[in-house]
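Below: the structure, in structure tokens.
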Amino acid sequence: MKLSLVVPCYNEESNVRLFHDAAANVFDNEGYDYEMVFVNDGSKDSTLAKLKELHNESDKNIRIVSFSRNFGKEAAMYAGIQHAKGEYICLIDADLQQRPEVVAYMVKRLEENPELDCVAAFQEQRIEDKTLSFFKASFYRLINSVSSTTFVQGASDFRTFRRNVAQAVLSLGESHRFSKGLLSWVGFNTEYIPYEVQERASGESKWSFVKLFKYAVEGIMAFSTAPLSIPLFLGAGLSAVSVLYLIVRAICCALSLYDSFDRGTLLVFLALLIGGVQLICIGIVGQYLAKTYEQGKNRPIYLAREIIEPKEKQE
Ligand code: UDP
Ligand code: MG
2 MKLSLVVPCY NEESNVRLFH DAAANVFDNE GYDYEMVFVN DGSKDSTLAK
52 LKELHNESDK NIRIVSFSRN FGKEAAMYAG IQHAKGEYIC LIDADLQQRP
102 EVVAYMVKRL EENPELDCVA AFQEQRIEDK TLSFFKASFY RLINSVSSTT
152 FVQGASDFRT FRRNVAQAVL SLGESHRFSK GLLSWVGFNT EYIPYEVQER
202 ASGESKWSFV KLFKYAVEGI MAFSTAPLSI PLFLGAGLSA VSVLYLIVRA
252 ICCALSLYDS FDRGTLLVFL ALLIGGVQLI CIGIVGQYLA KTYEQGKNRP
302 IYLAREIIEP KEKQE
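The opening residue of the sequence shown carries number 2 in this note's numbering; numbering runs sequentially from there.
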């Protein structure tokens with residue numbers, strides 16, 4: 002098997018056939034030996050039924066991993082990579098925002114250059130809301146400044162890699178996964194190619210601003226312990242300010258200059274401020290503790306309810 006297309010699907014009933022046809026059109030024409038590994042991530046619509054239809058109609062190259070519930074795109078990609086049999090593995094969305102033609106180019110690059118392990122696509126121009134673009138750019142600036150792992154601006158999960166990279170990614174068993182970071186962390190020779198993201202074939206993006214924000218926090222926490230240093234700096238700064246305050250008050254008293262501050266108000270303000278800062282600090286530590294706790298439970302990254310092998314593999 003040469004190529005495995007790993008396709009995470011969550012409520013993509015109107016897209017899976019479009020995707021299948023578009024991909025088959027490219028890879029059948031080029032005479033590729035390929036498979037499609039669809040991961041049904043607990044869809045609530047008829048995605049699974051549509052996938053089974055495709056499986057029944059196709060002669061061999063469809064594999065389906067169907068989750069017992071929605072585990073998220075990260076878990077779906079992990080499961081897809083785990084079940085992929087190809088020499089090259091491609092992560093691609095089901096909504097046709099990423100064209101299968103680009104995958105053919107990625108494979109060509111890997112074939113031309115044996116030293117290359119991964120070809121990743123990045124968006125040169127984003128067709129999205131300006132505010133969202135601003136937040137995404139700020140996120141990349143922030144995460145690159147606090148993490149030793151490099152995050153390429155505009156890079157997506159859309160990429161094709163060899164089995165060595167797949168094995169490396171699978172060997173990282175962390176439950177809070179952030180693929181963009183994991184794929185960068187594992188290293189290997191990666192070539193970044195620009196691509197133009199298309200409009201969604203149908204349906205809506207599953208990523209709301211809140212979901213994206215949470216995902217960004219996951220990313221920062223998975224790849225940096227910098228937030229854990231915040232309490233230290235805040236505490237040091239606050240202590241310095243309080244000492245300075247004490248000195249200024251002492252000087253004012255010595256010079257018999259009385260300020261017009263009501264001391265009671267000032268004390269309440271300071272107590273609240275210090276209490277607030279302490280709570281923030283404890284909160285940050287708590288976040289990491291929660292992640293460690295989750296990881297400590299060592300739960301599986303996903304649970305499949307059903308796995309459907311391509312036809313030729315069935316008895
Ligand atoms: N997806 C998934 N599980 C989820 C959310 C999304 O498997 O919980 C899949 C979705 O079906 C699609 C891909 O991940 O194939 C990208 O999702 P989407 O198009 O909503 O994201 P966007 O392109 O807006 O970043
Ligand atoms: Mg999409």
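Where is the CB? At the ideal position from N, CA and C, for every residue including glycine.
1. Could you tell me the distance, in whole angstroms, from the CA atom of A169 to the CA atom of K181?
2. Comparing alpha-carbon positions, which option in L256, A305, Q83 and G220 lies nearest N165?
3. Relative to the C-alpha of A156, which candidate in L268, K137 and T48 has its C-alpha closest?
4. Assuming T191 contacts I90 under a Cβ cut-off of 8 Å, what Cβ separation, rounded to an integer in Å, is found between them?
5. Put N41 into one of helix, strand or coil per three-state DSSP.
6. Between K207 and the ligand UDP, is the CB less than 6 Å from at least one heavy atom?
7. Count the other CB atoms, across all protein chains shown, that sit within 10 Å of the CB of R306; report buried if there are 16 or more and exposed otherwise.
8. Bridge partners of Q124, per DSSP?
9. Short of 8 Å in beta carbon distance, which residues of its chain neighbour S257, apart from the five on each side in sequence? Order them along the chain.
10. With F123 and Y193 assumed to form a contact (beta carbons below 8 Å), what rounded beta-carbon distance in angstroms separates them?
11. Between D96 and F189, is the Cβ-Cβ spacing less than 7 Å?
12. Output the boundary residues of the beta strand (DSSP E) element that contains D158.
13. Is V66 near I308, with beta carbons less than 7 Å apart?
14. Suppose the cutoff is 6 Å on Cβ atoms and the five residues either side in sequence are ignored; what does the same chain contact list for Y196 look like?
15. Throw me the rounded Cβ distance for the S44 and Y11 pair, which I believe falls under 8 Å.
16. Would you kindly work out how many angstroms separate the C-alpha atoms of V17 and I281, rounded to a whole number?
17. In terms of alpha-carbon separation, which member of R70, S15, G174 and M222 lies closest to Y79?
18. For R306, does the three-state DSSP call read helix, strand or coil?
19. Smallest Cα separation from L233: which of L55, Y294, V278 and F135?
20. When DSSP labels each residue in this structure, what does F72 get in the three-state scheme?
21. Is G73 near the ligand UDP - that is, is its Cβ less than 6 Å away from at least one heavy atom of it?
22. Could you compute how far the alpha carbon of F140 sits from the alpha carbon of E75?
23. Which two residues bound the contiguous beta strand (DSSP E) that contains V8?
24. Got a sec, what are the start and stop residues for the beta strand (DSSP E) L92 sits in?
25. Taking 6 Å as the cut-off, is the C-beta of D42 nearer than that to any heavy atom in the ligand MG?
26. For V153, which residues in the same chain have their Cβ closer than 7 Å to its Cβ, ignoring the five residues on either side in sequence?
27. Tell me whether Q98 counts as near the ligand MG, meaning its Cβ is closer than 6 Å to at least one heavy atom of that ligand.
28. Using a Cβ distance threshold of 8 Å, determine whether the stretch 281-292 contacts the stretch 241-251, with at least three qualifying pairs required.
Looking at the coordinates:
1. Cα-Cα distance, rounded: 14 Å.
2. Per the Cα distances, Q83.
3. Selected option, being the one with the closest Cα: K137.
4. Between I90 and T191 the Cβ distance is about 14 Å, and since that is not below 8 Å, they are no contact.
5. Three-state DSSP puts N41 in a strand.
6. Yes, the ligand UDP has a heavy atom inside 6 Å of this Cβ.
7. By the 10 Å Cβ count, R306 comes out exposed.
8. The partner list for Q124 (beta bridge, DSSP) reads Y196.
9. Excluding residues within five positions, none has a Cβ falling inside 8 Å.
10. For a cut-off of 8 Å, the C-beta gap from F123 to Y193 is around 5 Å, short enough to register as a contact.
11. Their beta carbons are not under 7 Å apart, which means D96 does not touch F189 by this criterion.
12. Start and end: A156 to R163.
13. Cβ atoms of V66 and I308: closer than 7 Å.
14. Annotation for Y196: V103 and A122 place their beta carbon closer than 6 Å to its own, counting only its chain and skipping 5 residues before and after.
15. Distance from S44 to Y11 at the Cβ level is roughly 6 Å; contact confirmed, criterion being Cβ atoms closer than 8 Å.
16. When rounded, the distance between both Cα atoms is 44 Å.
17. Answer by Cα proximity: G174.
18. Three-state DSSP puts R306 in a strand.
19. It is V278.
20. If DSSP states are grouped into helix, strand and coil, F72 belongs with coil.
21. Checking the Cβ of G73 against the ligand UDP gives yes.
22. When the Cα atoms are used, F140 and E75 turn out to be separated by approximately 19 Å.
23. It spans L4 to C10 - the beta strand (DSSP E) in which V8 sits, taken as one unbroken run.
24. For L92, the enclosing beta strand (DSSP E) begins and ends at Y89 to L92.
25. Relative to the ligand MG, the beta carbon of D42 is positioned no closer than 6 Å to any heavy atom.
26. By the criterion of a C-beta distance shorter than 7 Å, V153 is surrounded in its chain by F123 and Y193, once the five residues flanking it on both sides are discounted.
27. Because some heavy atom of the ligand MG lies under 6 Å away, the Cβ of Q98 counts as near it: yes.
28. As far as the Cβ criterion goes, the stretch 281-292 does not touch the stretch 241-251, which means the pair count is below three.
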